[in-house]
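**Q** Take this structure, written in structure tokens, and hold onto it; I'll ask about it next.
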Amino acid sequence: MHFVVCLKQVPDTSEVRIDPATNTLMREGVPSIINPYDAHGLEEAIKLRDQLGGKVTIVSMGPPQAKEALKKAISFGADRAILLSDRAFGGSDSLATAYVLSTVLKKIHEAEPIDLIFTGKEAIDGDTAQTGPGIAQRLGFPQLTYIIKIIDISESSITVERKTESGRQIVQAKLPALITVEKELNEIRYATLPNMMKAAAYEPEVWDSKFLEFDIMQMGLKGSPTSVSKIFAPPGRSGGEIIDGTKDPVATAESLVQKILQQNIIMVHPLVKGGKNE
Amino acid sequence: MENFDVIVVGGGPAGLSAAISAAKAGMKTIVIERGNYPGTKNVMGGILYTKPTNMVVPDFWKEAPIERPIIEQRIAMLSGDQCVMASHRDPAWTTEPNAHSVLRVKFDRWLSQQAEKAGVMIIPETIVEDLLYRGDQVAGVRTGRGEGDLGAKIVIIAEGVNNFLAVKAGLAKPLHPHNVAVAVKEIITLPKEKIEDRFCLEEGQGATIELYGDSTAGIMGTGFIYTNKESISIGVGTLLQPLIQQKWTPNDLLEHFKAKPYVKRLLQGGETKEYLAHLIPEGGYTNLPKLYRQGVMVVGDTAMLMNSLNREGSNLAMISGMSAGEVAAQAISAGDTSEQMLAAYERKLRDSFVLKDLHHYRHMSKFFENNPHMLKIYPEIINHAAGMYLTVDGVPKKQRQKEILRMAFKRRSIPGIMKDIYGAWRALL
Ligand SMILES: Cc1cc2nc3c(=O)[nH]c(=O)nc-3n(C[C@H](O)[C@H](O)[C@H](O)COP(=O)(O)OP(=O)(O)OC[C@H]3O[C@@H](n4cnc5c(N)ncnc54)[C@H](O)[C@@H]3O)c2cc1C
């Protein structure tokens, strides 16, 4: 089977700060990582390839430095990595990104039919969660989002468990399909030394905007209707309240209950009159 | 198991230099580094001397990420809030540099790219846990990864000051608090113009300040301040043993240093970007490990090659690495990696300034260990003397000079001073 993973290199947002004066991201010195959700997609693709045979191809759009992320993907065991890198792609929002990626994926699909595409549920530097569905739509593939488990996969169909706001859903779709994945899907492996060495010697393929026929109106800044009007750091949280629990445990519990009642976090059950030991 | 000619453990300046010279001589070479990439784990002040580095990568400074060429070096004695200082400045060192300030995270990464260009394979995020042997001969390494064994004709250990593998290989003794210094350092960002104004520099030039005495609360060591492009490296380093005895934590010592009036003003308004701590090997010549054995050599900090007085560590690391790489290539080409063959490595170091300098300073660490008063009393005497000499209050100069001598002899007897001068002369000259 042919598995394709769309993977983005992102700044490690746990280390990014916002300059309070200018409201811009301070990216200097911040390490780049594979978008964590994408890494779980990669892990699953490699696992399935190892079980069922076939091939894992990585596609990423980004600046030349993103090669690092692709080499890393090779060290986990991917077979082929393609970087889409061109100034003309720069500034793409999720709409334009989905356009570029789907154009490339169509090309790959023609040459080596794809069975399953993986994307992360979202990228941690934008949190939009639109790119995966955008690609599926353009390719005419069924889209399965927020996947936490692949229950079954055959030549022609896939059954997965997805996370929804109110619970879990088990759904089935025909292949080829696209899934966007959650972190619960799996545990990421520790690469073996032979794969690390393979990655060190590997040069990802770089495709620019002339490689395929792209519509320049649909990519880069021109193809990106999203405009960011303002970036700001959320106000810091005020510290919580500490209830002294060292003295009277009954009084402590009571004052805690009163406080969460006042906040409407819990309610007194109608059958409990007055709420107090009646 | 894949086989290499040379496996280098550690991607610091020593390991990368070893790999570059081995690969240039046609050896199939791999570097295993535990950090995310070479440089991430490396802490250095850091001043990098130009000529020794040129020997490893010719004209490196024209393209390597360096911070500033050093044109002025100050040495100061601190006592309380007082300070006596000497300095040397030569603007010609801007164009014919003798040394540069560097940030190791950037520099080591660049050096690793040069190694890759020379054909070296660099494997990051991987720890070497042990050496592999064939009989008595070192024959490879075991890493912490799956299918993680690698074979080699020669292994070069460049693991830095924490010499676990060198100890396991029976080449070195475990570190002892007597033989190590601990250094802590901050990188404090400041705008270019501020740095240049505060240190009286033209655009792009750099300066260093080394402060002795109260900068380390009198403990054997120094406080240092180096200018980078848009930041200042500031730190203190002292021998570990007296630090423990006098119950200072390295961090308190750094804060104590930063609060000195002279220092505070240089840093004012800056923002601390990084905080780093590291050990420095201070065993000196008399504590050198065994440098080689069948199939293995140790280089850089692992070999205790460090001359703190002239802040030379990374250049000794690079020269020793380069020499080991060359000897490895010769031995492998000759098909003989025996102990006798690798003895050429030690001979190279003995013939160069590396071991000559360490030999020259061989009495230094013992001397300062046995005379811990040196950096307590003398900075005090010198600062007092200067203060008294510069005071104009109607006391005739002849009388003032007598007072100065009396002040000095009260703090340290005449025989004591004679002994110190003799001892220091023997240790340093
Ligand atoms: C605060 C400070 C200031 C200094 N200032 C200066 C200065 O101004 N000028 C100067 O010349 N020198 C200076 N030095 C000294 C200089 O930093 C060292 O001498 C130099 O880094 C030694 O190089 P090395 O390659 O031997 O070791 P390191 O630079 O320590 O490199 C060792 C490498 O090996 C890796 N490693 C270790 N164990 C393993 C393992 N088992 N498996 C895989 N990888 C491993 C480590 O991650 C590390 O990258 C300073 C040192 C300190 C601490």
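Heads up: the sequence lines are chains L and U, in that order.
Each residue of the first sequence is one higher than the last, beginning at 1 in this note's numbering.
Each residue of the second sequence is one higher than the last, beginning at 1001 in this note's numbering.
Just so you know, even glycine gets a beta-carbon here, dropped at the ideal spot from N, CA and C.
(1) Would you please verify whether the beta carbon of L/Leu-193 is less than 9 Å from any beta carbon of chain U?
(2) Tell whether a beta-carbon distance below 9 Å holds between U/Met-1055 and U/Met-1322.
(3) Put L/Ser-75 into one of helix, strand or coil per three-state DSSP.
(4) With H, G and I counted as helix, E and B as strand and the rest as coil, what does DSSP make of L/Thr-159?
(5) Take the Cβ of L/Gly-53 as the centre, count every other Cβ of all protein chains shown within 10 Å, and call the residue buried at 16 or more, exposed below.
(6) Under the criterion of a Cβ to heavy atom distance below 8 Å, does U/Lys-1051 qualify as lining ligand 1?
(7) Check whether chain U comes within 9 Å of L/Ala-201, counting only Cβ atoms and requiring the distance to be less than that.
(8) To the nearest angstrom, report how far apart L/Val-206 and L/Ser-60 are at their CA atoms.
(9) Tell me the residue span of the beta strand (DSSP E) that contains L/Gln-55.
(10) Is it right to say L/Tyr-99 is buried, meaning 16 or more other beta carbons lie within 10 angstroms of its own, or is it exposed?
(11) Checking contacts by CB at 9 Å: is U/Asn-1383 closer than that to chain C?
(12) Report the option in U/Ser-1231, U/Ile-1332 and U/Val-1354 whose CA atom is closest to the CA atom of U/Glu-1196.
(13) Might you give, ordered along the chain, the residues of its own chain that have their beta carbon closer than 8 Å to the beta carbon of L/Ser-156, omitting 5 neighbours on each side?
(14) Is it buried or exposed, U/Asn-1310, if we count other Cβ atoms within 10 angstroms and call 16 or more buried?
(15) Quick one: what does DSSP say U/Lys-1273 is sitting in, helix, strand or coil?
(16) Rounded to a whole number of angstroms, what is the C-alpha to C-alpha distance between U/Pro-1091 and U/Leu-1078?
(17) Quick check on L/Ala-123: does DSSP put it in helix, strand or coil?
(18) Sort U/Met-1364, U/Val-1105, U/Leu-1405 and U/Leu-1267 by Cα distance to U/Tyr-1422 and report the nearest one.
(19) Note down the Cα distance separating U/Ile-1209 from U/Ala-1076, rounded to an integer number of angstroms.
(20) Please report whether the beta-carbon of L/Met-267 lies at a distance below 9 Å from any beta-carbon of chain U.
(21) Is U/Met-1121 close to chain L? Criterion is C-beta to C-beta, closer than 9 Å.
(22) Once you ignore the five residues that flank L/Glu-278 on each side, which residues in its own chain have a CB closer than 6 Å to its CB?
(23) Taking a Cβ distance cut-off of 9 Å, strictly less, list which residues of the region 1127-1150 of chain U are near chain L, in chain order.
(24) Which one of L/Leu-139, L/Glu-44, L/Met-196 and L/Gly-167 has the shortest CA to CA distance from L/Ala-69?
(25) For U/Ile-1030, would you say it is in contact with chain L, using Cβ-to-Cβ distances shorter than 9 Å as the test?
(26) Return the residue from the list U/Val-1182, U/Gly-1325 and U/Glu-1193 that minimises the CA-CA distance to U/Leu-1243.
(27) Using a Cβ-Cβ cutoff of less than 6 Å, which residues in the same chain neighbour U/Asp-1005 once the five nearest sequence positions on both sides are dropped?
(28) Give the range of the alpha helix (DSSP H) segment to which U/Glu-1326 is assigned.
(29) Beta-carbon of U/Glu-1125 versus every beta-carbon of chain L: anything under 9 Å?
(30) Would U/Asn-1228 pass as an interface residue toward chain L - the criterion being a Cβ-Cβ separation below 9 Å?
(31) Interface residues of chain L around U/Glu-1271 at Cβ under 9 Å?
(32) Which one or two residues does DSSP pair with L/Lys-149 in a beta bridge?
**A** By the coordinates alone:
(1) yes
(2) yes
(3) helix
(4) strand
(5) exposed
(6) no
(7) yes
(8) 10 Å
(9) Here residue 55 of chain L is Lys; the residue named in the question, Gln, does not match the sequence. Unbroken beta strand (DSSP E) run through L/Lys-55: 55-61.
(10) buried
(11) Among the protein chains in the structure shown, which are L and U, there is no chain C.
(12) U/Ser-1231
(13) Lys-174 and Leu-175
(14) exposed
(15) strand
(16) 27 Å
(17) coil
(18) U/Met-1364
(19) 7 Å
(20) no
(21) yes
(22) The predicted model places L/Glu-278 with a pLDDT of 42, which falls under 50 and marks its position as unreliable, so this point remains unresolved.
(23) Thr-1143, Gly-1144, Arg-1145, Gly-1146, Glu-1147, Gly-1148, Asp-1149 and Leu-1150
(24) L/Met-196
(25) yes
(26) U/Val-1182
(27) Met-1027, Lys-1028, Lys-1153 and Ile-1332
(28) 1314-1333
(29) yes
(30) no
(31) Near U/Glu-1271 there are no residues of chain L at all, since even the closest Cβ is about 11 Å away, more than 9 Å.
(32) L/Glu-161
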